[in-house]
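Engineer: Residue numbers (this note's numbering): 72 to 377.
Here a beta-carbon is modelled for each residue, glycine too, at the ideal position from N, C-alpha and C.
Remember, it's a predicted structure, so these values are computed and weren't measured experimentally.
1. Decide if the region 338-347 is in contact with the region 139-159; the criterion is three or more beta carbon pairs, one per stretch, under 8 Å apart.
2. Can you tell me the Cβ-Cβ gap for residue 104 and residue 335, rounded? I've got them flagged as a contact below 8 Å.
3. Within 10 angstroms of its Cβ, does residue 196 collect 16 or more other Cβ (buried), or is it exposed?
4. Compute the distance between the beta-carbons of residue 167 and residue 148, then report whether it is under 8 Å.
5. Would you tell me roughly how many angstroms separate the C-alpha atoms of residue 82 and residue 271, rounded to the nearest one?
6. Which runs of the alpha helix (DSSP H), 4 residues or longer, sit entirely within the region 102-173?
7. Considering residue 351, what are the terminal residues of the beta strand (DSSP E) in which it resides?
8. Name the DSSP beta bridge partners of residue 304, please?
9. Once DSSP output is grouped into helix, strand and coil, what is the label at residue 235?
10. Shortest alpha-carbon distance to residue 164 belongs to which of 132, 128, 171 and 352?
11. On the DSSP bridge list, what partners appear for residue 185?
12. What number of angstroms, rounded off, separates the C-alpha of residue 374 from the C-alpha of residue 208?
13. With residue 152 and residue 161 assumed to form a contact (beta carbons below 8 Å), what rounded beta-carbon distance in angstroms separates them?
14. Determine the burial state of residue 425: buried for a count of at least 16 other Cβ atoms within 10 Å of its Cβ, exposed for fewer.
15. Residues in its own chain within less than 7 Å of residue 172 by CB, not counting five upstream and five downstream?
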């Protein structure tokens with residue numbers, strides 16, 4: 072996902088008083104990953120350098136992956152797809168959504184969220200809409216869709232109450248106004264997470280250097296990683312954080328304070344979705360799913376972690 076602006080950032084402006092460094096990452100060698108077919112990658116747009124993976128989620132049984140592909144302001148715009156991982160096939164879960172809202176105030180997300188409920192995936196998003204009268208300005212209207220694998224998407228006037236509640240209160244999301252961790256950087260307003268006793272947040276400085284940090288209570292701040300906006304591809308569950316680094320994808324055990332690198336990944340790899348129950352990770356790579364190819368077309372990979 073490209074981030075051309077810094078909307079949605081809350082300036083905190085208090086110097087870091089304590090900063091602890093995490094332990095050195097050990098390598099983790101899980102079973103070899105599998106690749107989603109190149110035909111599917113082309114179909115959903117991920118082979119295009121102008122398109123990036125956005126929000127994604129595995130179905131509860133891990134058989135399907137719902138993935139938002141954002142092609143920026145190009146004609147393709149945005150679209151959510153459902154990938155049948157066993158059949159290596161993809162069907163749209165939304166119509167083409169057009170470009171994302173340039174007035175949006177989020178950075179970690181582009182205004183599109185996906186959520187599975189049983190065999191149905193629900194999408195809440197915004198859609199570029201032209202005014203009813205000639206010459207009226209374009210605006211971005213809130214839209215809802217549902218889809219089942221292999222079936223056409225259905226537009227919804229509203230979401231089921233139980234689904235809406237999950238969208239409004241996702242696990243770990245924490246209002247930045249209630250946290251205000253001491254930092255000399257800007258805190259990304261939709262990039263703050265409360266995970267058990269741990270607070271994790273994404274921040275940036277005036278030069279667009281991006282940091283991933285954690286702390287427990289008022290204890291020392293740990294800087295886990297620094298880089299660019301690729302850190303907003305962070306995945307997490309009640310026990311761990313999964314994020315890209317210059318050495319590959321890192322799985323960080325929050326309680327042990329121990330990072331582990333997935334050995335087949337390199338600096339280009341980006342986590343896309345994580346299913347903690349079956350320890351299944353989807354990620355992209357330009358070096359093939361085994362990490363041995365020369366950098367080239369983006370691949371979509373599925374791996375089970377030990």
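Structural biologist: According to the structure shown:
1. Verdict: no, contact absent.
2. Position 33 of the chain shown, counted from the first residue, corresponds to residue 104. Position 264 of the chain shown, counted from the first residue, corresponds to residue 335. Taking the Cβ atoms as the reference, residue 104 lies roughly 6 Å from residue 335, within the contact range of under 8 Å.
3. Taking the chain shown and counting its residues from 1, the one referred to as residue 196 is at position 125. In summary, residue 196 is buried, with 16 or more beta-carbon neighbours lying within 10 Å of its beta-carbon over all protein chains present.
4. Locating residue 167 in the chain shown gives position 96, where the first residue counts as 1. Locating residue 148 in the chain shown gives position 77, where the first residue counts as 1. Going by C-beta atoms, residue 167 is nearer than 8 Å to residue 148.
5. Sequence index remark: in the chain shown, residue 82 carries index 11 (1-based). Sequence index remark: in the chain shown, residue 271 carries index 200 (1-based). Reliability of the predicted coordinates at residue 82 is poor, the pLDDT of 32 falling under 50, and the value obtained from them is presented with this limitation in mind. Pairing residue 82 with residue 271, the inter-Cα distance amounts to about 17 Å.
6. Scanning the region 102-173 from its first residue to its last, the whole alpha helix (DSSP H) runs of 4-plus residues come out as 109-115.
7. Counted from its first residue, the chain shown places residue 351 at position 280. Here the beta strand (DSSP E) through residue 351 covers 351-356.
8. Taking the chain shown and counting its residues from 1, the one referred to as residue 304 is at position 233. Per DSSP, none; premise fails for residue 304.
9. Here residue 235 refers to the residue found at position 164 of the chain shown. The DSSP-derived three-state label of residue 235 is helix.
10. The sequence position of residue 164 within the chain shown is 93, counting from 1. Ranking the options by Cα distance to residue 164, first place goes to 128.
11. Counting from 1 along the chain shown, the entry for residue 185 is found at position 114. DSSP, once it has assigned bridges, lists 194 as partnering residue 185.
12. Working through the chain shown from its first residue, we reach residue 374 at position 303. Working through the chain shown from its first residue, we reach residue 208 at position 137. Rounded to whole angstroms, residue 374 to residue 208 spans 45 Å at the Cα level.
13. Locating residue 152 in the chain shown gives position 81, counting from the first residue. Locating residue 161 in the chain shown gives position 90, counting from the first residue. That pair is a contact at about 5 Å.
14. Residue 425 falls outside the range modelled here, since the chain spans only 72 to 377, and no answer is possible.
15. Walking along the chain shown from the start, residue 172 turns up at place 101. Here residue 172 has 182, 197 and 211 as same chain residues with Cβ atoms under 7 Å from its own Cβ, once five neighbours each way along the sequence are excluded.
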